[in-house]
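**Student:** 3 is the number of the first residue of the sequence shown in our numbering; add one for each residue after it. We treat Cβ as the ideally placed atom computed from N, Cα and C, and that holds for glycine. Supplied in structure tokens, the structure appears directly below.
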Amino acid sequence: MIAWPKAASTNAYCATSLLKLNADERYELAQQLLGSLDDDLLPDDPAFHAELTRRLDSITDGTAVLIDGEEVFREARERLRRRRQA
């Protein structure tokens with residue numbers, strides 16, 4: 003029997019793998035993922051769309067600083083731990 007990982011660890015595994023794609027492949031994937039969303043889920047706000055475009059462009063042109071998913075979760079856990087101790 004196969005032991006399937008929990009959703010969070012599956013997402014982290016996928017993110018880690020997908021961040022290894024080159025910028026063009028990540029951009030294409032981002033477009034596909036955004037295209038799969040219902041239009042109603044995205045805010046109808048010009049500022050939101052401008053920010054989204056800016057971020058996608060920075061991924062495409064290589065100026066974005068991409069952080070590994072595991073590192074993001076590690077940092078979030080550490081911040082929560084510090085907050086709870088305060």
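#1: Going by C-alpha to C-alpha distance, which of R83, R81, A88 and D70 sits closest to T18?
#2: Do G64 and A32 have their C-beta atoms closer together than 8 Å?
#3: Rounded to a whole number of angstroms, what is the C-alpha to C-alpha distance between L54 and P48?
#4: Are there 16 or more other CB atoms within 10 angstroms of the CB of A14, so buried, or fewer, so exposed?
#5: Please report how far the alpha carbon of L68 lies from the alpha carbon of A88, in whole angstroms.
**Tutor:** Considering the structure as presented:
#1: Against the sequence shown, residue 18 aligns to sequence position 16. Taking each of R83, R81, A88 and D70 in turn and checking the Cα distance to T18, the smallest one comes out for D70.
#2: Here residue 64 corresponds to residue number 62 of the sequence shown, with the count starting at 1. Here residue 32 corresponds to residue number 30 of the sequence shown, with the count starting at 1. In this structure, A32 does not lie closer than 8 Å to G64 by Cβ.
#3: Position 52 of the sequence shown, counted from the start, is the residue given in the question as residue 54. Position 46 of the sequence shown, counted from the start, is the residue given in the question as residue 48. One alpha carbon belongs to L54, the other to P48, and they sit about 10 Å apart.
#4: Counting from one through the sequence shown, the residue named residue 14 turns up at place 12. Buried.
#5: By one-based count along the sequence shown, residue 68 stands at place 66. By one-based count along the sequence shown, residue 88 stands at place 86. The alpha-carbon of L68 is positioned some 30 Å away from that of A88.
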